[in-house]
């Protein structure tokens, strides 16, 4: 199955089926069932619990609709209907609502005004640390976490297979990040920290951990990948750089990531961070709507 997954990734790249999907196909082939369509497990189509689907998207908005179909054991079309019912679409690789509520729009405007005002008084973008997670296609899918600023990566790690971000894990990652910051040029400077409001990021223990660092934690409105440099800048470039490539070992992935981070042209990271100002202005000028 691993060889088949590697072959499909070489051919279809990011459109390749998830490892779990391939595994299900092999189980069918063993039963002389050569259909590649997702099948419901009884004569009656399985229903999808929309509350559970919504929770899954909140926990990991980067999942594909086909991965969700495998997770819930339903037909792909059932997931698509569920996403439609929830009014969700993808922007910068993560699921967001088709239409933001007025409260969401107002929050985007308010936070953007706050950040523009804050930056006018202290040009702090050169002291910003921003971070997020991204899937890397190696063996089964692995998640990578990284934090970066205007001078490039500050700390990153490749998570073990099947590992998901929890409050405990994120707290450990923050401690590793803090050690890296204390070894960097930011050590004795006033640091500004940006992350999204995924559940592990806003847990009580994470908030308490960050309070101890003395960092300025910035507000970040829900459903706003357009205001997160990792989403609108870094991840898209990384996807293009790795297009058509597959990896057969953890070491190969880590070597490729090191080479990628080191090979970005001069000003790449700084330009991505400094795009924030014009993006905040766009949100304010357009009453909270996306670019």
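Numbering (the working numbering), first residue to last: 1419 to 1709. Positions of the beta carbon are idealized from the N, C-alpha and C atoms, including for glycine.
Can you give me the Cβ contacts of residue i inside the same chain, cut-off strictly under 7 Å, excluding the 5 residues immediately before and after it?
{"i": "residue 1412", "result": "The displayed coordinates of the chain run from 1419 to 1709. Any statement about residue 1412 would go beyond what the structure contains."}
{"i": "residue 1678", "result": "1656 and 1659"}
{"i": "residue 1545", "result": "1604, 1607, 1608, 1609 and 1610"}
Skipping 5 residues on each side, what residues in its chain have a beta carbon closer than 6 Å to that of residue i?
{"i": "residue 1489", "result": "none"}
{"i": "residue 1639", "result": "1525, 1526 and 1529"}
{"i": "residue 1550", "result": "1648"}
Per the DSSP calculation, residue i is bridged to which residue(s)?
{"i": "residue 1612", "result": "1548"}
{"i": "residue 1575", "result": "1563"}
{"i": "residue 1570", "result": "1567"}
{"i": "residue 1635", "result": "1611"}
Which same chain residues end up closer than 8 Å to residue i when comparing Cβ atoms and leaving out the 5 residues on each side of it in sequence?
{"i": "residue 1692", "result": "1543 and 1568"}
{"i": "residue 1522", "result": "1515, 1639, 1640, 1641 and 1706"}
{"i": "residue 1572", "result": "1547, 1565, 1566, 1595, 1598, 1599, 1602 and 1604"}
{"i": "residue 1506", "result": "1475, 1513, 1514, 1515 and 1516"}
{"i": "residue 1699", "result": "1530 and 1534"}
Cα-Cα, which of the options is closest to residue i?
{"i": "residue 1529", "options": "1589, 1566, 1481 and 1636", "result": "1636"}
{"i": "residue 1619", "options": "1583, 1645 and 1609", "result": "1583"}
{"i": "residue 1645", "options": "1667, 1634, 1632 and 1708", "result": "1708"}
{"i": "residue 1671", "options": "1504, 1574 and 1537", "result": "1574"}
{"i": "residue 1581", "options": "1676, 1562, 1519 and 1592", "result": "1562"}
{"i": "residue 1570", "options": "1675, 1696 and 1464", "result": "1675"}
{"i": "residue 1499", "options": "1625, 1467 and 1629", "result": "1467"}
{"i": "residue 1477", "options": "1615, 1695, 1651 and 1629", "result": "1615"}
{"i": "residue 1536", "options": "1695, 1704, 1664 and 1617", "result": "1695"}
Could you spell out the range, first to last residue, of the alpha helix (DSSP H) harbouring residue i?
{"i": "residue 1582", "result": "Neither: residue 1582 is in no alpha helix (DSSP H) and is coded neither H nor E."}
{"i": "residue 1470", "result": "1468-1477"}
{"i": "residue 1689", "result": "1686-1703"}
{"i": "residue 1655", "result": "1653-1659"}
{"i": "residue 1627", "result": "1622-1629"}
Segments of 4+ residues assigned as alpha helix (DSSP H) that fall wholly inside the segment 1481-1565: 1483-1490, 1494-1504 and 1520-1539
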